[in-house]
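Data first, discussion second: the structure below is written as C-alpha cells.
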Amino acid sequence: MKRLVVVGNGMAACRLLEELTRLAPDLYQITVVGDEPFAGYNRVMLSPLLGGGTDEKTITTHPHQWYRDRNIRLITGSPVVAIHRRRRQVETAAGHLLDYDRLLLATGAAPRQLPVEGVSLDGVVSFRDLYDVRRLLSLSAARVVVVGGGFLGLEAADALVKQGHDVTLVHSRGHLLNQQLDESAGHRLQQDLEARGLKFVMQARTQSIEGTYPEEKGSGKSSSEKHRHGRVAAVHLADGQRLPADYVVQAVGIVPRAELAASAGLTVNQGIRVDDTLQTFDPAIYAIGECVEHRERTFGLVAPLYEQASVCASHLAELGHRRYLYADSATRLKISGIDLVSCGDFLGDKEKDASPGETQQLNLPGSYRRLQIRDNRVVGMVLYGDVSDAPFFEKLWKEKTDISALRETLLLGEAFCKRPGDRDQNSEEIAA
Amino acid sequence: MSAEANTPKAVATNAGTAICTTCPYCGVGCGIRTDGVTLKGDTQHPANAGRLCVKGSSVLETLGDQDRLLNPEVDGEVVSWDQALDEVAGRFRRIVEEHGPDAVAFYVSGQLLTEDYYVANKLMKGYIGSANIDTNSRLCMSSAVVAHKRAFGEDVVPGCYEDLELADLVILTGSNTAWAHPIVYQRIVAAKQARPDMKVVVIDPRRTATCDLADLHLAIRPGQDVPLFNGLLTWLDDNKALDQAYIDAHTEGFQATLETARSQGNDWDTLAAKMGVSKVDLTTFYHWFATCERTVTVFSQGVNQARNGSDQGNAIINAHLATGRVGKPGASPFSITGQPNAMGGREVGGLANQLAVHLDIDNPAHHAAVADFWQAPALATKNGLTAVELFEAVSSGEVKAVWIMATNPVDSLPEADKVRQALMACDTVVVSDCVASGDTLACADIRLPALGWGEKSGMVTNSERCVSRQRPFVPAPGQAKADWWIITEVAQRMGFADAFPYQHERDIFAEYSALTAVAGQFGKRLDLTGAADLSADQYAQWQPQQWPLKGDPRCFADGQFSTPSGRARFVTCENPPVRQIGDAFPIILNSGRIRDQWHTMTRTGRAGRLFAHLSEPFAALHPKDIERYRLQEGGFVRLTSRVGDALVRVTRDTGQRPGTAFMPMHWTDQFSRRARVDALVPARLDPHSGQPAFKHTPVNVSDWQPRWHGWLFTAASPPAVEYWARVPVDAFLQAGQVQRYRLAGDADLTEQQLHDWLPQAAQWLALNDPATGHYRRAALDKDGRLLAWLAIGETLPVCDVDWLADCFADDADIQHMAILAGQPADAGPDLGPVICSCFQVRQKTIEGVVEEGADSVEAIGKGCQAGTNCGSCIPELRGLLETCTS
Ligand SMILES: Cc1cc2nc3c(=O)[nH]c(=O)nc-3n(C[C@H](O)[C@H](O)[C@H](O)COP(=O)(O)OP(=O)(O)OC[C@H]3O[C@@H](n4cnc5c(N)ncnc54)[C@H](O)[C@@H]3O)c2cc1C
Ligand code: SF4
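If you read the protein sequences in the order shown, they are chains A and B.
Note that the numbering used here gives residue 385 to position 385 of the first sequence, counting from 1, and the numbers run on in steps of one.
Note that the numbering used here gives residue 1309 to position 309 of the second sequence, counting from 1, and the numbers run on in steps of one.
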C-alpha cells in the first residue's frame, strides 16, 4: 500500500478524505497530522457556536471514530514542522517521522495581524479556530473592540453582543462587508446590527493598541518584551479617537499558511502555488484549501475548496483527468441570522471598458435586493434578508440568460417570472 | 338575479322585513324587494316581474355614508338647517325683488321624485312667478315630448312594455337597449326566444350590443332618421300599405306630410346610398314594416338628441299613424326614457315650457285654471329658459341665482366647460345633492344635503306610465333631508307658507293627483284623480299602477286624441340639411351609455364591480380610422372639437361606422382627468324642444403617446398627471374608500413625486429600475396592512388589479414580494421546508436526489448542491438519507 500523509485536518482535508476513501478505499495507508487538538469540525459553524446557537458536538463533522472506521491514523495537537522532500518524510513537532509516497498540504490560513503597535498585548485575539472560540466564550462581561467589518469581524462582534459584551466594531470603509455588499445593503446591515446593540465606528483606521502594564522592578527590557507582559487598555484611531477596550478581536483578513511549504523549497507566492491538478512544484506533493494560490488567486470561503478537494481526490485515487478551474460563484453568508448572497460585478465597476450597466433595487422591510444588468444580462447581485431566489438569480448570472422578457418582475423572484403570458394580462383592454 | 351586499355599507334599519321599492337607475323602473341586506327583483312589479340588471342588483353596494354630503354648508361653512334655509330663501327673495322673478332659476332632475318635482314647479311657476325651471330631462326626453304633443296633443306614451312581447316586429332606433334599458331588452330577448319568427330591426350608426338580437341592423349614417322614415311613408304609399280608413277617421295633415316625404323621391338605390345602407336592407325593413301589423318602434336618445330630434320622433310617429298602429296591443311608437322619474317630471310639468299636468303656459284657459287651483298670485305667463339657455343666462348674468337639485350640469350639458365657468361666476349657486364631491358641487355657494335612494320616499313614473313607490329602508345620514321638505321650507321662508303646508309626501301626491282633474277638463289623458283622496295608509300600501288608473294599460286605442279636434296630427318633417364635414373636425362623435354605468357615476361609481365591464373612458373608432389617424388600439386619443377637448383610451370597434366615433357619457372630472364628453359638444339645439344634439359632434382625433403608464391604489385624490381614470375598490381605510387609478403622463417623474403621491406610511416596499423608468411602491401601516400601491413604467406595469384590490381587506395575507408584484406568487409545487439554506434546497428536492441513487452527503451535494456551502445542514441531510434508504 502506498502511504499518504495529510498535513492539516481542516475543512478541505476532511472533504478530501471523504471523497478519496470512497473512490479508492484501499489504495493508501493514510496518516493525518493536525495542529489543532481536535477531530474534524466545521469551521464555518464557529460563528453560531460563539453566538450560543450550537455546541461543539454538533459541529464535529468527523469524530475520531470516523477515522478509525477508515483505518486512518490521526495525529492531533502536533504540527508538522518540516518536510524532507528527498527522503519523502515529514516531521512533526512531537518528533514523529512519517514516510509518504504522496503528501497533501491543507494547512489553511492564519488570521492577518494588524500592522500596528500593541498587537501582541494580552487580550488581543483572533477568531479562527475552536480554541479561539473557547477563549472568547470564557470572557466575563467586558468591553470588546472588533477591528474589521468583513464577515469574520461581524460574526465575532454579533456573537459577542449576544454573550452580553459591550462591543464596538471598527471598520476602515464607509460600509460593512464592502467586498460582498453595495452601500445600501451595507448600511442596512449596520442598522440591523445596531438595533441589536452593536456599536460601529466607520471609516476608521486603527492607529495603535494601548496597553497597561503591571508594576515592574527593573526597566532594562526592550519595548517588545515589555508588551508581551502588558494588557490591552484601548484602541487608538487615526482621527485621534480612543476606544477603551478589555479585549481586541482582530479580523482584518487571512494569510495563507505557506511557511512550511516554503521552507521545503516549494514555490510559494502569496500561497503555495498549485497547477490545475492541485499539484505543487513537487509532483509527489499536492495542496488544497486556503493555503494555496491557484492561477494568482487565493481563497477565503469554503465552496471552491470543496471543488479542489474533489479534483485532488480523483488524482490521488489515480483516476485523475479532472482539472480544477475556479468558477466564480455566489458568496453566501449568514450574519446574525441575516442571510446574504452576493456575486459578480454587483457594482458594475469590475470591467474596465464596459459601461457600469443598470441597477435594479428592491427594498422591503427586512430584505433588500440589487441586480446589476448589462446588455440584458445579470452581471452581479446582492441579496439581503430574503435569499430564497438566490439560486434563480445565480443561474441567470452564470448562464448569461437574456432577461429582457423577465425584467419587469425579475427582482421579485422566480415565482413571478414563470408566466410568460403575463404581459398580455393588462396589455390591456380597458375592459379590465 | 339577487345580490348579497357583502360590505358593511348597507345599514339595515329593518333587516328581515323586506320592503318594495323602485330601482334608482333607468327609465325601465324595475321593482326591487330588499331588507337592506339582501336584494332581489320584485316579482309583483309589472315592469320586471322579478328580473334585475347588474346595476339594479348592485345598488346596495352603492349605499353608505362614504362621500356623502352630511350637513348644510354656506360658503364653505357647516351651518344649521335653519341658517341654510334662511340664506337660500333670503338670497332668492332679494334677487327677485331687485331683478324680477326671471333672475332666478331652478335646474332639477329626473332623479327627483314626483313630489319633489311638483313642489319645485309650484314654487317657481306659481309663487316666484317665473317659468325658469328646467330639468336634465331636457337633455334626453324633450324632443320626444314635443313629438308627442305635436302628434297626439299631449305628452303621452301610448303603449306599454307588454307590446314588445306581443309585436311581430320590434324596431329599436337610436337605442342601445341592451345596455341602456337592460330589462326591456331582456323582455324582448325572451319574447323572441318564445317566438323565433318575431323580427327585430336595429337602426343605429353603431353596431351595438343590442345588434346581437337583430335580424336586421340598419347602420344608417348619423342624422338620417327623417329620410329613412319619410322613405318608409313613401314605400307604404307605393305599396298600398297605408291604413287609409284610420288616416281618414282619426288624423289630420296627412297629405302635406306625404308630399314632403315623397319629395325625396322613391329611387331606393339613391336613398339607400344616401343613408349608407344597402338597398336590400333598406327595402327589407320597409317590407317588414308594411306587412307586420303588430309593430312597435322603440326610440330613445339616438333619436331625441339631435338638432332635429323632434322631427325624427314625429317621422316615426307618422309611420305609425299612417298604418293605424298607435296604442294597440303590440302596435305603437314607444319612446323610452332614460331616468327613473323623467316621466314624473313631465307629468307635473317641471319643464320650462310646460305649466303643470300636461297643460301649457301660453294657453290662457290652462293658465287661468291652474292659477285658480293653486291660488297662485303670480303664475308665470311665458315660457322659461330651457337647460342650455338657462346656463347661458347664468353666464350672461341675467340669471343671478340658480338652485340645482340632484343633477350634475357641469358634466352633462354641452359646452360643459362654459357651464362650469358660468357657475363659478354666478352670484348664488345652491346645490342639493346626496354626494359630497362632484364637479357641480365644486361650484356651489350653498350645499344642501339631500336624501338618496333607499332613504327617500315618494313616487316615480317609468316609461310605460307606471307609477310606483320608492320606499325608504335605511336611515338618513347626517342632516340629510328630503328634497320636497327642503323646497317647502324655503317656500315658507319666502313668505308662501299657506300654499306650502305639506307635512308628508302624501299631502303633495294627493294635491298633484287632484290637479290632474284640471287636465281632464281640457281633454288630457293624464288622470290620477283616483288618488286624490288617498289616505296615508293607501299611500304607504301603493301598488304599481299605470295611469290613467283606469285599468287599460294603453292610450289612444280608440283613435281619440288630446288635440282640440280629437284627431292625431301628422307632422311634416323636412330632411335635415346635409352638413359639410370640415377638414378640421373630420370625425362625427356620438355619445351614450355603457351597460353598467349610470349618468355621471355619482351612484354607480361607488360600486367597483360596475367597472368590471368597462373601466376607463374611451372613444370607439373603426379600425380604418385608427389606422388613418395613426392611433393605436388601446392607446390614447385626444379629441378636440370647436369648444373643447378630451383625452381617453382608443378602442377598436368594427361596429363603428368609418368617420364616426363613440364616447360614453358617464365619465366626469371625478372619475377621469379629462373625459367629459359634453365638454366637446357645442350647444346646438333642436329648435322645437331645446334638446341639445349630443349625438353629432364634429371632432378631430390625434394620437397621444405617454412617456409612462401606471397604476395607483390609494384613498387619496389623484395626482395631477395628464391622464387618470378612477375605479373604486371595495375596501375602506381610515382615509376613506380605496380607489384604483390608471395613470399615464408625458412629463418626467422624480422619485420624490412618486413619494408625494402616496400617503404617510410606517413601512414601505419599493422596487426601482431607473433604466426602464419602472418603479413600484407599496405603503403599509405599522401592522403591515396595505395603505397604497403604485407602479409606474414605460409600459403599463403588469399586475392583477382585482387581486390587489382584495389585498386592501383587513384580513388580507400580505406577502411582500407578491404585493409588489401585484399578483399572487406562482409558487409551483410544494417542495417542503428549506433544508439547505445556502442554496435554498428544499426537502422534496433532496429526497428526489436520494431516490435517484445518491447515497452520501457528498452525492446529495453533487445532485442538488445541498450541504456544499456552510455545511450546517449536513446533520439533517444524514437524517434524510437514513429515512429515505431505510
Ligand atoms: C469563524 C469562521 C466563520 C466562517 N464562515 C464561513 C462561511 O460562512 N462561509 C464560508 O464559505 N467560509 C467561512 N469561513 C471560512 C472557511 O472556514 C475556510 O475557508 C475553510 O475552513 C478553509 O479550509 P481549509 O481546510 O483550507 O483550512 P482550515 O479549515 O483552516 O484547515 C487548516 C487546518 O490545518 C491546520 N494546520 C495548519 N498548519 C499546520 C501544520 N503545519 N501541521 C498540522 N496542521 C496544520 C490548522 O490548524 C487547521 O486546523 C469561516 C471561517 C471562520 C474562521
Ligand atoms: S333595467 Fe333599469 S330599472 Fe331595471 S334594474 Fe336595470 S337599471 Fe334598474
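Every residue gets a Cβ at the ideal spot worked out from N, C-alpha and C, and that includes glycine.
Note that the structure is a prediction, hence the values are computed from the model and not measured.
Per the C-alpha coordinates, the member of B:Pro1829, B:Pro1719 and B:Val1490 positioned closest to Asp1086 of chain B is B:Val1490. In the structure shown, the three-state DSSP call for Ser208 of chain A is strand.
Under the Cβ distance rule, Tyr286 of chain A does not count among the residues neighbouring chain B, no pair being separated by less than 8 Å. Contact check for Val1431 of chain B against Arg1420 of chain B fails: the beta carbons are separated by 8 Å or more. Below 8 Å, too few C-beta pairs join the segment 332 to 345 of chain A and the segment 312 to 319 of chain A to call them touching: fewer than three. With its beta carbon at least 8 Å from every one in chain B, Thr76 of chain A lies outside the interface.
Distances between the C-beta of Ile1183 of chain B and the heavy atoms of ligand 2 include at least one below 7 Å. Across the structure, Gly1655 of chain B and Leu406 of chain A are spaced so that their CA atoms are roughly 37 Å apart. The contact set of Pro391 of chain A on chain B, defined by CB atoms closer than 7 Å, consists of Phe1839 and Gln1840 in chain order. In this structure, Lys1149 of chain B lies away from Leu1355 of chain B, with their beta-carbon atoms at least 8 Å apart. Taking a Cβ-Cβ cut-off of 8 Å, the neighbours of Met1817 of chain B in chain A comprise Leu364, Asp386, Leu412, Gly413, Ala415 and Phe416, given in sequence order. For Ala1791 of chain B, the secondary structure class from DSSP, reduced to helix, strand or coil, is strand.
Along the segment 1754 to 1767 of chain B, going in chain order, the ones with a CB nearer than 8 Å to a CB of chain A are Gln1763, Trp1764, Leu1765, Ala1766 and Leu1767.
According to the DSSP assignment, Thr1257 of chain B belongs to no beta strand (DSSP E) but to the alpha helix (DSSP H) extending over Phe1254 to Arg1262. No heavy atom of ligand 1 is found nearer than 7 Å to the CB of Glu296 of chain A. By the C-beta criterion, the segment 1252 to 1265 of chain B is judged not to be in contact with the segment 1288 to 1307 of chain B, since fewer than 3 inter-stretch pairs fall below 8 Å.
Counting C-beta atoms within 10 angstroms of its own C-beta, Gly211 of chain A has 16 or more neighbours from the protein chains shown and is therefore classed as buried.
A check of alpha carbon separations from His1696 of chain B across B:Phe1713, B:Gln1705, B:Val1677 and B:Ser1689 identifies B:Val1677 as the nearest. Here the C-alpha atom of Gln1705 of chain B lies approximately 41 Å from the C-alpha atom of Val1184 of chain B. Excluding the 5 residues flanking it on each side, Ala1818 of chain B has same chain C-beta neighbours closer than 8 Å at Pro1824 and Ala1825, in chain order. Met1405 of chain B is bridged by DSSP to B:Ser1432. In the DSSP assignment, Asp122 of chain A forms a beta bridge with A:Arg231. Within the same chain, Ser329 come within 6 Å of Ala303 of chain A by CB-CB distance, once the 5 residues on both sides are set aside. If you draw a 10 Å sphere on the C-beta of Ser367 of chain A, you find 16 or more other C-beta atoms in it, and that means buried. Per DSSP, the unbroken alpha helix (DSSP H) holding Ser314 of chain A starts and ends at Val302 to Leu316. Residue range Val292 to His294 is occupied by the beta strand (DSSP E) that includes His294 of chain A. Judged by pairs of C-beta atoms under 8 Å, the segment 357 to 376 of chain A touches the segment 179 to 189 of chain A, as three or more such pairs exist. Relative to ligand 2, even the nearest heavy atom lies 7 Å or more away from the CB of Val1841 of chain B. When only Cα atoms are considered, Thr1651 of chain B and Ala1369 of chain B end up about 55 Å apart. Apart from sequence neighbours up to five positions away, the residues of its chain that approach Lys1524 of chain B with a beta-carbon distance below 6 Å are Glu1154, His1358 and Ser1562, ordered along the chain. Rounded to whole angstroms, the separation of the alpha carbons of Val145 of chain A and Gln360 of chain A is 36 Å. The beta carbons of His1367 of chain B and Thr1381 of chain B sit about 7 Å from each other, so the pair counts as a contact at 8 Å.
Taking C-beta atoms under 8 Å as the contact rule, Ala258 of chain A and Pro244 of chain A fail to qualify, at a distance of about 37 Å. Legend: CB atoms of the segment 1331 to 1362 of chain B lying less than 9 Å from CB atoms of chain A are not found in any residue. Per DSSP, Gly320 of chain A is not a residue of any alpha helix (DSSP H), being assigned neither H nor E. For Val133 of chain A, the uninterrupted alpha helix (DSSP H) run begins and ends at Leu130 to Leu137, by DSSP.
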